[in-house]
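Just so you know, the protein sequences line up as chains A and B, in that order. Under the numbering used here, the first residue of the first sequence carries the number -3, and numbering increases by one thereafter. Under the numbering used here, the first residue of the second sequence carries the number 6, and numbering increases by one thereafter. Cβ coordinates follow ideal geometry from the N, Cα and C atoms, glycine included. As the structure is a computational prediction, the values presented were derived from the model and not from experiment. Remarks on the structure that follows.
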Amino acid sequence: MNGSPILSVKDLSFRYDIRTDNYALSAVSFIVKRGDWLAVIGDNGSGKSTLARLIVGLVEPEQGSIFINNCILNEQSKWDLRKKVGIVFQNPDNQFIGTTVQDDVAFGLENLNLDYHEMEMRVFQALKLVDMYQYRDKDPSQLSGGQKQRVAIAGVLALQPDLMIFDEAFVMLDPKSRRELLNVLKNIQKKINLTILSITHDREEAAVADQLLVLKAGELIEQGTPQEVFQKNPDIEPPFAEQLRQELKRKGIEVPDGYMTEDELVAWICR
Amino acid sequence: MNKLILGRYFPGESYLHRLDPRLKLVAALYFIGLLFFVENGQGYIWLFLFTFLLMRLSGVSYSVYFKGIRPLIWLILFAVMLRVMFTGGGTIYFSLGPIMISRFGLLSGFYTFSRFIMIILISTIVTLTTKSIDLTDAIHALVKPLRLMRIPVDDFALMLSISLRFVPNLLDETQKVMDAQRARGVVFGEGNLIEQMKKLVPIVLPLFVSSLKRAEEMADVMEVKGYRSGVKRSSFRQLKWHLRDGVAIICIIILTLGVSFFNNINFVLLFNI
């Protein structure tokens, strides 16, 4: 199944106010393959979040179409397709619906009308994946921002989606918990062959992706692997590791040419 | 503002904490009903003993309960005074126009006093030992039959539990907004009533705005997670009946028998009224 498209977006256009010509998105097309990690970057107002809301069916496109698992997304199919697509939003507090960690994870399962034992098992698995099982009886006020976001992720994982969207889900976290969470996600992704679409400001987060899309004022201006995109577009501020690599190069130190992740760079420096 | 104990929860692991919330709710209502069937002082003392036993079992110190009564004491004393002064009968100790203090008056004053105190104590015991979410579940379970009348019981229960879940967040936010206003030179709690009310506007407005935003985001999350009003959903929170709940029922039966014994009337009669 790997490599087949799970999400394909064709000619997608959307504007919030049809009286104006301000398109939040105009004629965006791309394809995401199963098991890939796709990052979407862009400045404020570039249409990143709108894209996420369109893919989960919270708003309807003006033009163009979205196919998930080769099934078109519309008013009729959205309830079925949402079982395959999960989304994690920015503010962890506003996503916490249950009164305790496990209640919150179970919320989506209750909506599927699953029986108790199935729910119990899935809640257990999801909380284990994000390493929050020992907190299952805590209420949200007892958790840190990072922990709440882990619970939000578990809530989506419990639904066993094929595609998971992160809409700036990590901006409210400090750099350390962000990095931890990204590692957790990377592992989960490999383990259960999940497809991830992450919408982000953060260059480090973009750098872990397999594919990168760059949006500018609603238009798709660049597409490729993070290495390609960062090398081709010096105006996009690259992640710290890339900045360091270029800086070292300017100082006359011989560094390898390709893009390197932070770990790779550390390994190279310590060599 | 934080003096009101009624409605707060004290975390604990006592016997009362672990009882089924449905049982606690029904039993409390039953107890309050029972209070009105008691006809003599012995009966009240019997119920008082039971109430104190429950307070002891709850593992919360007595002083907490009395703090709970304090804000209401003047109201209670007022009601008791009325009872004492306007009830006649028996030996009359003092009289002035329509006002008199009589034996019967004093007795019924004592009954009124006891009823008030016990109603407060019993409801405090329930709320101190039950999480608000469990109470919500209990209410939900008890009003479920209303579903047959097409009343959206499940939606209401979810609304109630979400509201309860956001109370601490709202309090936090209020504090933040107040601090922000203080930093800009607003002094709260000064000036006459109208001035004080005016100062509340810049607190309430930001709270409204943020609550609406929050509600919208939350609605999005719920929708994406597949919540649809009116579609059948299962429940992860399960209420289970335990042996201890059966024991509690036996205690309640003994309590009722005690009351009817002290009333010296036929047990069957009590329920035929």
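Query: Listed by chain order, chain A residues near Asn174 of chain B by CB distance under 7 Å; Result: Asp89
Query: Residue nearest to Leu54 of chain B in terms of C-alpha spacing, selected from B:Pro16, B:Leu80 and B:Met123; Result: B:Met123
Query: Reduced DSSP secondary structure (H/G/I, E/B, other) of Lys275 of chain A; Result: Because residue 275 of chain A is not part of the residues shown, which for chain A are -3 to 267, the question remains open.
Query: At least 3 beta-carbon pairs within less than 8 Å: the stretch 119 to 126 of chain A vs the stretch 43 to 62 of chain A; Result: no
Query: DSSP state of Pro88 of chain A mapped onto helix, strand, coil; Result: coil
Query: Residue from A:Glu200, A:Trp33, A:Val28 and A:Tyr131 with nearest C-alpha to Ile64 of chain A; Result: A:Val28
Query: Closer than 8 Å at the beta carbon, the chain B residues around Ala20 of chain A; Result: What Ala20 of chain A touches in chain B: nothing, since even the nearest Cβ is about 16 Å away.
Query: Chain B contact for Arg78 of chain A (CB, 7 Å cutoff); Result: yes
Query: Members of the stretch 235 to 259 of chain B that neighbour chain A once the beta carbon cut-off is set at 9 Å; Result: Val236, Lys237, Arg238, Ser239, Ser240, Phe241, Arg242 and Gln243
Query: Length at least 4, wholly inside the stretch 28 to 60 of chain A: the alpha helix (DSSP H) runs in chain order; Result: 44 to 51
Query: Beta strand (DSSP E) segments (min. 3 residues) lying fully within the stretch 50 to 138 of chain B; Result: 97 to 101 and 104 to 107
Query: Whether Arg152 of chain B touches Gly114 of chain B by CB criterion (7 Å); Result: no
Query: CB contact check: Tyr232 of chain B to chain A, cutoff 7 Å; Result: yes
Query: Residue-level contact to chain B via CB, Asn65 of chain A, 7 Å cutoff; Result: no
Query: Chain-ordered residues of the stretch 106 to 130 of chain A with a beta carbon less than 7 Å from chain B; Result: Glu106, Asn107, Leu108, Asn109, Leu110, Asp111, Tyr112 and Met115
Query: Below-7 Å beta-carbon distance, Gly104 of chain A vs any chain B residue; Result: yes
Query: CB contact check: Val147 of chain A to chain B, cutoff 7 Å; Result: no
Query: C-alpha distance - Phe94 of chain B paired with Leu112 of chain B, whole-angstrom precision; Result: The sequence shown places Gly at residue 94 of chain B, not Phe. Those two C-alpha atoms are separated by around 10 Å.
Query: Helix, strand or coil at Ala165 of chain A according to DSSP, with G and I counted as helix; Result: coil
Query: Proximity test, Cβ basis, 7 Å: Val65 of chain B and chain A; Result: no
Query: Short-range partners of chain B found in the stretch 29 to 61 of chain A, where Cβ spacing is below 9 Å; Result: Arg49, Val52, Gly53 and Leu54
Query: Candidates A:Met160, A:Ala154 and A:Arg199: closest to Arg175 of chain A by CA position; Result: A:Arg199
Query: Distance, Val210 of chain A Cα to Ser25 of chain A Cα; Result: 12 Å
Query: Cβ distance (whole Å) where Val84 of chain A is taken to contact Phe162 of chain A below 8 Å; Result: 5 Å
Query: Under 8 Å (Cβ pairs) to chain B, residues found in the stretch 196 to 229 of chain A; Result: none
Query: C-beta neighbour in chain B for Ser137 of chain A, strict 7 Å; Result: yes
Query: Minimum Cβ-Cβ distance from Thr95 of chain A to chain B less than 7 Å; Result: yes
Query: First through last residue of the beta strand (DSSP E) which encompasses Val43 of chain B; Result: Neither: Val43 of chain B is in no beta strand (DSSP E) and is coded neither H nor E.
Query: Assigned exposure category for Thr196 of chain A - 16 Cβ within 10 Å defines buried; Result: buried
Query: Rounded Cβ spacing between Leu21 of chain B and Leu80 of chain B (contact assumed at less than 8 Å); Result: So it is not a contact: roughly 27 Å between Cβ atoms.
Query: CB contact below 7 Å: Asp142 of chain B versus chain A; Result: no
Query: Beta-bridge pairing of Leu159 of chain A - partner residues as DSSP gives them; Result: A:Val81 and A:Thr191
Query: Nonlocal neighbours in the same chain, by C-beta distance under 6 Å from Val65 of chain B, ignoring five residues either side; Result: Phe15 and Leu133
Query: Inter-residue Cα distance where the pair is Lys8 of chain B and Val69 of chain B; Result: Here the model assigns Lys8 of chain B a pLDDT of 49, short of 50, so the residue's position is not dependable, and the following value carries that caveat. Cα to Cα, the separation comes out at about 10 Å.
Query: Straight-line Cα distance separating Asp32 of chain A from Pro157 of chain A; Result: 14 Å
Query: Endpoints, the beta strand (DSSP E) within which Gly214 of chain A is located; Result: Run containing Gly214 of chain A: none; DSSP gives neither H nor E here.
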